[in-house]
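Engineer:
Protein chains: 4
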Amino acid sequence: MIGVGVIGYGYWGPNLVRSFASTPGVEVRAVADRRPERLAVAHTAYPEVRLAEDARDLIEDPAIDAVVIATSASSHGELALAGVEAGKHVLVEKPLAETSDDAARLVEAAARRQRALMVDHTFVYTSAVQEIREIVASGAVGGILLHDAVRTSLHRFHPETGVLWDLAVHDLAIIDHLVADAPAAVSATGLSIEPGAPPDIVHVTLLFGERRIAHVQANWLSAVKLRRTVIGGECGTIVYDDLDPLEKVKVYECSPALARDAASIEALRVDFRAGRMWAPRLQVGEALRVMAAHFIECVETGCRPRTDGESGLRVVRWLEAAQLSLSRRGEPVRLS
Amino acid sequence: MIGVGVIGYGYWGPNLVRSFASTPGVEVRAVADRRPERLAVAHTAYPEVRLAEDARDLIEDPAIDAVVIATSASSHGELALAGVEAGKHVLVEKPLAETSDDAARLVEAAARRQRALMVDHTFVYTSAVQEIREIVASGAVGGILLHDAVRTSLHRFHPETGVLWDLAVHDLAIIDHLVADAPAAVSATGLSIEPGAPPDIVHVTLLFGERRIAHVQANWLSAVKLRRTVIGGECGTIVYDDLDPLEKVKVYECSPALARDAASIEALRVDFRAGRMWAPRLQVGEALRVMAAHFIECVETGCRPRTDGESGLRVVRWLEAAQLSLSRRGEPVRLS
Amino acid sequence: MIGVGVIGYGYWGPNLVRSFASTPGVEVRAVADRRPERLAVAHTAYPEVRLAEDARDLIEDPAIDAVVIATSASSHGELALAGVEAGKHVLVEKPLAETSDDAARLVEAAARRQRALMVDHTFVYTSAVQEIREIVASGAVGGILLHDAVRTSLHRFHPETGVLWDLAVHDLAIIDHLVADAPAAVSATGLSIEPGAPPDIVHVTLLFGERRIAHVQANWLSAVKLRRTVIGGECGTIVYDDLDPLEKVKVYECSPALARDAASIEALRVDFRAGRMWAPRLQVGEALRVMAAHFIECVETGCRPRTDGESGLRVVRWLEAAQLSLSRRGEPVRLS
Amino acid sequence: MIGVGVIGYGYWGPNLVRSFASTPGVEVRAVADRRPERLAVAHTAYPEVRLAEDARDLIEDPAIDAVVIATSASSHGELALAGVEAGKHVLVEKPLAETSDDAARLVEAAARRQRALMVDHTFVYTSAVQEIREIVASGAVGGILLHDAVRTSLHRFHPETGVLWDLAVHDLAIIDHLVADAPAAVSATGLSIEPGAPPDIVHVTLLFGERRIAHVQANWLSAVKLRRTVIGGECGTIVYDDLDPLEKVKVYECSPALARDAASIEALRVDFRAGRMWAPRLQVGEALRVMAAHFIECVETGCRPRTDGESGLRVVRWLEAAQLSLSRRGEPVRLS
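Protein chains in written order, with the numbering used here: chain A, 4 to 339; chain B, 4 to 339; chain C, 4 to 339; chain D, 4 to 339.
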């Protein structure tokens, strides 16, 4: 039985507690939050769980094997490092840390202490993204030339953080999961409705070598929610619409035999597709539970998390570079 | 009766001849093309139309009041200028010219000679774009913060020109039509599948002052055709999907009264829309005929074309700036 | 505080317990099920709730004010009658009873004992159906001429009951809720994949007087789930797609001014819509909770449930008539 | 060179003339219409075509090998018979004739005179329906259990004929083409907005033996155009939406391996599909041209038209039976 402690019981914390509480082989033993009223809410739902106002109490508790951090982003780095140094396995809400320096320190410490370090890039654990990864790996659409994501939401939920760190991060994490190589530079542009405040709309381009480009648009000033990604391969296109209940993932094939003669090429002017389309059946299941189970499996077996500290660090580096480029109106920022 | 002559009878020329031939008050009197086999095709369809291998013959023909230029882009500037200087009204396929210098010279000459100069930005004449312009003008969605367009096609139709000048130009023309103010800078990134060739995928960002950003993605390596535009206003979002036969234009309203209390804001996390949606009924009709009729109207009445030389010039300037920025991996290029 | 007891803890019972447990002013005090293993499951989730293998124990318990019946359909009538006769308020899963005689007896007893009798026609409590009812009541689409519903599912969940009583019942309940007048006759056809077994595909037509017709297709042999309803009014059409997360309810208006001249009528041949479309924003919320809260409100205030015993009885009568017509290959069966 | 004469130059006639005029090996030699103003329209478009006010002139013209009849339905039988008896090959607009007696007489005469007799069931010649036929023939979805079609339009185009003969006929023709066996009975219900007039909304059920049922709903009082067909097979479902430009035909597979264990079955309650979906690429092309070319091919080679007189006769029999059943509120009418 693995003892889990959750720090932070605000918006996302209760979902994490619920997920771990229903994971076999796991016992949620403590919840920490500075706010007594949040602890009271936790107590009503889980009367037997230990409560703590000070996260340190939880981190030092020998009954806790793994610490889950769901506080606001500014404390991720410090709390996670304390957890790792106390010999705990650590799962951190995205982003892994507020700065790449903090994230790098965390990765180093986890390696040294041989503890599991994982970041909760939840979308990576959806059946849609897992399926897309398998389709890409199968070579069904050839090498990926383009990844283009649009994600909008209906409110400025964290104006102090900005839409880059709050929404765009999801798609950057998906790109990091799907694509093996590293971008060489980042160019980003955006808009803030309050002058000087973090952006509310961003366009982020990741420039990979000569044969790949990725682009993320995030916008939380929208009146309609959109979550559409187009992944363009050398011989096929994947369209992923997270809001489509029936056909979330569609694979448009192109017929290599097709575009030879002039008449076929002419037909492509007025046609809507170059070949057959198919949509895989996706597993029914909640990504958060899959993520929680995966973390526990890594704690138990020592396997490398799909969204390990390194991937968390890469995404933070991209976010930092995008932020810098944004302040320079799109000037590309090189990644070392 | 206005006499029209069409130069260039390749892919688009026949559509222009057909459109003008069915426009009341117009007679298509001559077609010019260097290729005798294309003239033969024209002759079969329109036995009474005069044919010319040399465009000069058509331009100097006193029976021709208006010259329509549908040759490849490289000759637009020269032929159009010759037409204007010969005292003809001129309609040019997009782009108006290959360089902004040529375009500017054309605009100056048309003003001096007091002739109608119009560029065939066809999408501007669709009922969808006209309706969007009216919705925006009505204030129904507030000031426009974001214009985000995706346009893909199924083949590299003009590899020598590149997708920027071939596809992205359509959305830049739409933006020019919908937005009154001028962008201050352009940042663009992209990808060519053949090293050194013009790009096959482009991302172009137009940076307006502090309260507006526009982005165009064009890609002709796709296995599925997509033509989706999202226009984000201060209090509503317009979604324009040109391939949707039923609901091409959707207006998502946000309820200003809505987002006051915490519970309403919390509901926006899991909701899909902030308010009511509505979709106007669009006029049935072919954009090309509307465009042709508008050109003739301007020839007859002296009215200023909706897509006049100035707008053609602006779009060419944006294309040039995007091309420069592309070569510098997204570095912003200022527009004077 | 109203004490609630739930009889039947199979597929739907746990959902009902959960819904009532989270309804303010309610305490779920007992759960009854003949199967000890189901009671064990209930005990784990709700340790403080009394358990009973015999439903009579629960019905006779003075701590129980309202009995909720979620057993298989064959026992609905008997258990509900026992509940009413014991002076309890009663909520019954659909269908209200297996025969209209049983249902009528139940309605009579509830009236005599002045107890709330309600049937759980859950779909009536969705925000989509409530919104449609308001749109119809507002006169926005004129008098309803046509109600056409298609509902498919992916498995023969209750082969012994058949798709008529299991799936079609939902749409009949929606029709009963939306339409004030009573059908004069029912004609039904269908197909059973096992000869002599209850049907797996049914088409049910409700014949109202001269100006209204309703049709329900239910099919649980489908490889794709569909839940589409078209409601045709005298001057507009409502399309309700329960699986569409964004636009579940769409209202297509027709422009009365439109169809006068020949050109406008001709345009309708090639057009896709007769006028504007709009889609209301729907309340986020679970229908089951709304239903539970409504039942409790009626228990407390004596108000008449939206899906009272009378409506449950009407729906059972339609189901019986459809069953008879089915056996006669569509011969209409009159309703008195 | 085959000489074609077209009788009737109203709404559909011009489309037929255009299609035959562009069919290789065909010359449209004459057009007949009682209305001089329609002949004048034909003359403008086709100055070289002979004109006739009396259809007899055209039928007796030795330069005409094949007669195409596009008059109103009431004269189909008589004109077609005259054509066949004059030794011409005959193509008739749907329906083949107004009564099954007329249709049967026509079939008999064409057989006796060994002339091609074909009915223009245009939708049969769409690439969508041809593809569906091939998918069904391939066994990809197993035996067809259910064919369910909805077709609405925006205006009562032929109130004197009614929606059954005007719209429902299309789907009956498609069913006749896709399904090899014959229905045993027809049950139909409907609604007329003017008392005593032909119906404006119809529901027609074709009852095949024990393992198949087909249903057609047609409605021309709609504010939105709908053309959706669901074809349910024993192991898969085809969804055909004629208005979807991208995915007109979708095949939903079911995984026979799937539904064995309880957990998989339980998953089907909340899932949206039982297996993979795929959508074939369809040929771009106009059904009317395909139809015209097919008729000419049958004239030249003596091959049996896909929509021959027999199929036209079957569809007329179904229409008659549906009409009778309608008048009896759904009472099934047996087909011999």
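Just so you know, even glycine gets a beta-carbon here, dropped at the ideal spot from N, CA and C. Here the structure is a predicted model, which means the values were calculated and not measured.
1. Going along the chain, which residues of the region 146-157 of chain A sit with their C-beta nearer than 9 Å to a C-beta in chain B?
2. Relative to chain A, which residues along the region 219-235 of chain B have a C-beta separation below 9 Å, given in chain order?
3. What's the gap between the Cα of Pro-65/D and the Cα of Val-87/D?
4. Please state whether DSSP places His-297/C in a helix, a strand or coil.
5. With C-beta atoms as the reference, is His-150/C less than 8 Å away from Ile-178/C?
6. Our contact map puts Lys-253/A next to Met-280/A with C-beta atoms below 8 Å; I'd like the distance itself, whole angstroms only.
7. Contact criterion: CB-CB distance below 8 Å. Does Glu-96/D meet it with respect to chain C?
8. Runs of 3 residues minimum, wholly inside the region 74-127 of chain D: which ones carry the beta strand (DSSP E) assignment?
9. Would you call the region 298-318 of chain B and the region 89-103 of chain B touching, i.e. three or more CB-CB distances under 8 Å?
10. Can you name the start and end residues of the alpha helix (DSSP H) that Val-20/A belongs to?
11. Are Gly-8/D and Ala-48/D closer than 8 Å when you measure CB to CB?
12. Could you check whether the region 165-182 of chain A touches the region 269-286 of chain A, counting it as contact only if at least three pairs of C-beta atoms, one from each stretch, sit closer than 8 Å?
13. Using a beta-carbon distance below 8 Å, is Leu-280/D in contact with chain A?
14. Find the residues of chain B that neighbour Tyr-255/A, judging by a C-beta separation of less than 9 Å, and give them in chain order.
15. List, in chain order, every chain A residue whose beta-carbon is nearer than 9 Å to that of Pro-65/C.
16. Write down the C-beta distance between Ala-83/C and Ile-67/C rounded to the nearest angstrom, noting that I regard them as a contact closer than 8 Å.
17. Please identify the residue among Asp-104/D, Ile-138/D, Gln-117/D whose C-alpha is closest to the C-alpha of Val-93/D.
18. Output needed for Gly-6/A: all residues of its chain with C-beta closer than 6 Å, excluding positions within five of it in sequence on either side, in chain order.
19. Taking Cβ positions only, does Arg-276/D come closer than 8 Å to chain A?
20. Excluding the 5 residues flanking Met-4/A on each side, which residues of the same chain have their C-beta closer than 8 Å to its C-beta?
21. Would a check of beta-carbon distances place Leu-249/D closer than 8 Å to chain A?
22. Which value, in whole angstroms, describes the spacing of the CA atoms of Arg-215/B and Ile-147/B?
23. Examine chain A for any beta-carbon lying closer than 8 Å to the beta-carbon of Pro-27/D, and answer yes or no.
24. Quick one: is Leu-343/B buried, meaning 16 or more other Cβ sit within 10 Å of its Cβ, or exposed?
25. Report the option in Ala-221/D, Glu-213/D, Gly-142/D, Glu-300/D whose CA atom is closest to the CA atom of Leu-329/C.
26. At which residues does the alpha helix (DSSP H) containing Gly-6/D begin and terminate?
27. With a CB to CB cut of under 7 Å and the five nearest residues on each side skipped, what residues in its chain are close to Arg-136/D?
28. Buried or exposed: which applies to Tyr-14/B, given that a residue is buried once 16 or more other Cβ atoms fall within 10 Å of its Cβ?
29. Based on the DSSP secondary-structure assignment, which residues constitute the bridge partners of Val-254/C?
30. Name, in chain order, the residues that DSSP records as bridge partners for Gly-193/D.
31. Under 8 Å, with one C-beta from each stretch per pair, do the region 108-117 of chain C and the region 193-206 of chain C reach the 3-pair mark?
32. Run through the DSSP bridge pairs and tell me what Gln-220/C is partnered with.
33. Going along chain C, which residues have a C-beta under 9 Å from Ser-141/D?
34. Output the distance between the C-alpha atoms of Val-144/D and Pro-308/A, rounded to the nearest integer angstrom.
35. Under the DSSP definition of a beta bridge, which residues are partnered with Val-233/B?
36. May I ask you to list, following chain order, the residues of the region 107-129 of chain D that have a beta carbon less than 9 Å from some beta carbon of chain B?
Structural biologist: Quick answer:
1. Leu-148, Leu-149, Asp-151, Val-153, Thr-155, Ser-156, Leu-157
2. Gln-220, Asn-222, Leu-224, Ser-225, Ala-226, Val-227, Lys-228, Leu-229, Arg-231, Val-233, Gly-235
3. 13 Å
4. helix
5. yes
6. 6 Å
7. no
8. 92-96, 120-123
9. yes
10. 16-24
11. no
12. no
13. Looking at the sequence shown, residue 280/D is not Leu but Met. True, the Cβ-Cβ gap to chain A drops below 8 Å.
14. Ser-225, Ala-226, Val-227
15. None at all; the shortest Cβ gap to chain A is about 29 Å.
16. So it is not a contact: roughly 14 Å between Cβ atoms.
17. Gln-117/D
18. Glu-30, Arg-32, Ala-66, Ile-67, Asp-68
19. yes
20. Gly-28, Val-29, Glu-30
21. yes
22. 7 Å
23. no
24. Not covered by the structure: residue 343/B. The range shown for chain B is 4 to 339.
25. Glu-213/D
26. No alpha helix (DSSP H) contains Gly-6/D, which is instead part of the beta strand (DSSP E) from 5-10.
27. His-180, Leu-181
28. exposed
29. Ile-241/C, Trp-281/C
30. Val-205/D
31. no
32. Val-153/C, His-206/C
33. Those do not exist, as Ser-141/D stays about 16 Å from chain C at its closest Cβ, beyond 9 Å.
34. 41 Å
35. Asp-151/B, Val-242/B
36. none
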